[in-house]
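Worksheet: one structure, shown below.
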Amino acid sequence: MKKYKKIALLELAELIGQAHEELSINIDANNIEQAMDILAACQESAIHIGNSIEESEGEGLEIIGCIGNYCETLFQVNNSMMMGENQAGSIEILKNYHNSIEAGINAISCKKEIVFLPYKASMWDSMESIWMTAKEDSECECYVMPIPYYDRTEDRRLGEMYYEGDQLPGYVPITKYTDYNLSVCKPDIIYFHNPYDQYNYVTSVHPAFYSSELIKYTNMLVYVPYFIAGAYKNVDDIGTKHIISGVVSSNRVIVQSELMKQIMVSLEMPAKKIAALGSPKIDAVINAMKNPPEVPDEWKEKLSGKKIVLYNTSIGSMLVLETYMERFERFVRQIIYTEGIGLIWRPHPLLEATIKSMRPQYMERFKKLTNDIANSENAVIDKLGSAYAAISYSDGLISDTSSLLRQYMVTGKPVLALNLKSSMREERICLFDHFSCYFLGDGVRIGNFLTMLKKGEDPNKALREEDVRRSVANSDGTCGEKIHKYIMSQLDKADKTCQE
């Protein structure tokens, strides 16, 4: 039986108990007509309970027989009351049956309902391995419910609405957000990965799915970051970027390492609210390397036989670098004009929307370069919902600082970081240690990196693999499994009335 139906039946049974008290009062006052109405209402409620249980659990439960006896007793009380007989003993019988009915409802088992609320298909990887474990748990019933989101207009209002439920992998069953009512179903666990609520200047999920709303409908609201945290200037910088609306609202917050947890606790986040269990995004890379996704035919036609560079562009660099577009154009052209090299360009899923909203002066050049890449004979634009086809199909990565860069390090393939340099290891708090990558800031040029790819050279490979292990808990592919087990263990400890 679904939990919300069981709750509704228990509430109805409680009303029957209250009705018994009113029945006694009306019988003592000789209000026979009112007493008969109460008996009729009790019978109607009991029949509804019985029908609901049979529909959910089938026939043969002991409680069904108890409800039948209860209804028979109601009929007898009605008849004897009309004859003016004393009903004191009958009322006690009704109360005993009522206690048995409540006990029978409580004995009905309910699977734990878990709802996953992705909004961007490309960010589903931050939840998928948790879902994969939960859906195999016989104690759980899982719903993947993609939610709509909006672009922000220049004046910060909600603009065009998007829904990406049809872009998730085909093996993921989708529940439409209009078909599952959180306020009615009250799931045991809700996982979400957009913590910004109304404070995001680029996009916004539908306000009905802000964390301040979600917490009303569950005792276990779990925030799982859609990114892997990197290097920060100081502790306050970490607090500004990570202790935000959805994190504060959640019952539990998943972080990638004990260092991350310690820092958040130092910023007055409750320790028992934070679980240092890693990132499902690491699980996703490991799974993709074991079982590479199919790539589009265009990729095979344009890139076959070449050493393939995955060029990833994030939002951060675009917002802080005045020369962003010049650098972007120069690097892309150098890659596509290098013999034996193919390019997969993967823009951040919100890059164009961010340019439109916050750097509109870049828009014309951005569109032209996009068209040039699309029309190149040895370059493609990765428009897939997931980055894992590009990760597994490519031979090396060139990237701004981003979660994808950190994920890519798991593959063991070489990485050129555009806006990092090795000295930052001493200058920053490194929640993820990037510093076994190659750095444009340390003088490794695009051409040097492309030559290294063609020769199959990578002297820093072993160091990168060790950095991953030190930076992220459960980086062996077991993160999703451990998150599920942990959150299930926490359900009984969840406080319905307050945030821990």
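So in this note's numbering, the last spot in the sequence shown is 500, and the numbers never skip.
Here a beta-carbon is modelled for each residue, glycine too, at the ideal position from N, C-alpha and C.
These figures come from a predicted structure and were not determined experimentally.
Under 8 Å by Cβ, that's how I've got Glu-307 and Lys-454 pegged, so tell me the actual separation to the nearest angstrom. Sequence inspection shows Lys at residue 307; the Glu mentioned does not correspond to that position. Rounded to the nearest angstrom, the Cβ distance from Lys-307 to Lys-454 is 5 Å, consistent with a contact under 8 Å.
Which same chain residues end up closer than 7 Å to Ala-353 when comparing Cβ atoms and leaving out the 5 residues on each side of it in sequence? Excluding residues within five positions, the ones whose Cβ falls inside 7 Å are Asp-151, Val-202 and Thr-203.
Cβ neighbour criterion (16 or more within 10 Å) applied to Asp-16: It is worth fixing the name first, because residue 16 is Ile in this sequence and not Asp. Buried, by the Cβ-count rule.
Alpha carbon of Arg-327 to alpha carbon of Met-452, nearest angstrom: If you take the alpha carbons of Arg-327 and Met-452, they lie about 21 Å apart.
On the criterion of 16 or more Cβ atoms from any shown chain inside 10 Å, does Ala-387 qualify as buried, or is it exposed? The residue in question, Ala-387, is buried, as its Cβ has 16 or more Cβ neighbours within 10 Å.
Name the residue from Ser-126, Gly-441, Leu-404 and Ala-103 whose alpha carbon lies nearest to the alpha carbon of Leu-501. Nothing can be reported for residue 501: it is not among the residues displayed for the chain, which extend from 1 to 500.
Please return the same chain residues whose Cβ sits closer than 7 Å to the Cβ of Asp-28, not counting the five positions on each side in sequence. Setting aside the 5 residues that flank it on each side, Asp-28 has no residue in the same chain whose C-beta is closer than 7 Å to its C-beta.
Return the bridge partner residues of Met-161 from the DSSP annotation. Per DSSP, Tyr-150.
Between which two residues does the alpha helix (DSSP H) holding Ala-284 run? Residue range 280-290 is occupied by the alpha helix (DSSP H) that includes Ala-284.
Check the C-beta distance from Asp-188 over to Glu-113 and give it rounded, since I have them as a contact under 8 Å. That belief holds up - the Cβ atoms of Asp-188 and Glu-113 are roughly 5 Å apart, short of 8 Å.
CB of Leu-221 within 7 Å of CB of Asn-251, strictly: For Leu-221 and Asn-251, yes; Cβs fall inside 7 Å.
Provide the residue span of the alpha helix (DSSP H) that contains Arg-425, from first to last. Residues 424-427.
Rounded to whole angstroms, what's the CA-CA distance from Ser-100 to Tyr-210? Just pull it up for me. Whole-angstrom Cα-Cα distance: 41 Å.
Going by C-alpha to C-alpha distance, which of Ser-24, Ile-228 and Leu-117 sits closest to Phe-192? Closest option to Phe-192, Cα to Cα, is Leu-117.
Give a yes or no on whether the minimum CB-CB distance between Asn-251 and chain D is below 7 Å. Checking the listed chains, one finds no chain D in this structure; it contains a single protein chain.
Count the C-beta pairs between the stretch 85-93 and the stretch 46-65 that are closer than 8 Å, then say yes if the count reaches three, no if not. Contact between the stretch 85-93 and the stretch 46-65 is absent, because fewer than three Cβ pairs lie under 8 Å.
Using 10 angstroms around the beta-carbon of Gln-505, count the other beta-carbons present and answer buried if the total reaches 16, otherwise exposed. Past the edges of the chain, shown from 1 to 500, lies residue 505, and the structure says nothing about it.
Ignore the nearest five residues each way along the sequence and tell me which others in Ala-134's own chain have a CB closer than 6 Å to its CB. Once the five neighbours on either side are set aside, the close Cβ partners of Ala-134 are Ile-114, Cys-140, Cys-142 and His-484.
Go ahead and label Gln-18 buried or exposed: buried means 16 or more other beta carbons lie within 10 angstroms of its beta carbon, across all protein chains shown. The residue in question, Gln-18, is exposed, as its Cβ has fewer than 16 Cβ neighbours within 10 Å.
So, does the stretch 376-391 touch the stretch 120-134, judging by three or more C-beta pairs under 8 Å? Segments in contact, yes.
Beta carbon of Glu-57: closer than 6 Å to some heavy atom of the ligand ADP? By its list of ligands, the structure shown contains no ligand whatsoever, and the ligand ADP lies outside what it can speak to.
DSSP-derived helix/strand/coil call for Ile-215: Coil, per DSSP.
Which residues in the same chain have their Cβ closer than 8 Å to the Cβ of Leu-12, if we skip the five residues on either side of it in sequence? Closer than 8 Å at the Cβ level, and outside the excluded window around Leu-12, lie Ser-45, His-48 and Ile-49.
Measuring CA to CA, which of Ala-288, Glu-294 and Val-224 is closest to Ile-274? With distances taken between Cα atoms, Ile-274 lies closest to Val-224.
Taking the continuous beta strand (DSSP E) assigned at Ile-190, which residues delimit it? Membership of Ile-190 in the beta strand (DSSP E) is indicated by the continuous run 189-192.
Glu-481 to Leu-404, Cα distance in whole Å? Answer to the nearest angstrom: the Cα atoms are 22 Å apart.
For Asp-442, which residues of its own chain have a beta-carbon under 6 Å away from its beta-carbon, when the five flanking residues on both sides are left out? Correct list, in chain order: Lys-421 and Ser-422.
Out of curiosity, what's the CA-to-CA distance linking Thr-175 and Ile-7? Computed Cα separation, rounded: 22 Å.
Candidates Ile-429, Leu-94, Glu-33 and Val-285: closest to Ile-238 by CA position: Out of Ile-429, Leu-94, Glu-33 and Val-285, Ile-429 has the C-alpha closest to the C-alpha of Ile-238.
Would you kindly check if the distance between the Cβ of Lys-95 and the Cβ of His-20 is under 7 Å? For His-20 and Lys-95, yes; Cβs fall inside 7 Å.
To which residues of the same chain is Leu-463 closer than 6 Å at the C-beta, ignoring the five residues directly before and after it? Scanning its chain for C-beta atoms nearer than 6 Å, with the 5 sequence neighbours on each side dropped, one finds around Leu-463 the residues Ser-436, in chain order.
Whole-Å CB distance - Leu-310 paired with Ile-391, under 8 Å assumed: The Cβ separation is near 7 Å, so the contact holds.
Lys-216 burial status per 10 Å Cβ neighbour count (16 or more: buried): Counting Cβ neighbours within 10 Å, Lys-216 comes out exposed, since fewer than 16 surround it.
Please check the pair Ser-257 and Ala-473, which I expect to be a contact at CB under 8 Å, by giving their CB distance rounded to whole angstroms. Contact check for Ser-257 and Ala-473: beta-carbon distance about 6 Å, within the 8 Å limit, so the pair qualifies.
Since Glu-57 and Ile-108 are thought to touch, with beta carbons under 8 Å apart, how far apart are those beta carbons, to the nearest angstrom? Sure, about 6 Å apart at Cβ, within 8 Å.
Report the option in Trp-299, Leu-418, Asn-26 and Pro-349 whose CA atom is closest to the CA atom of Ser-317. The option with the nearest alpha carbon to Ser-317 is Leu-418.
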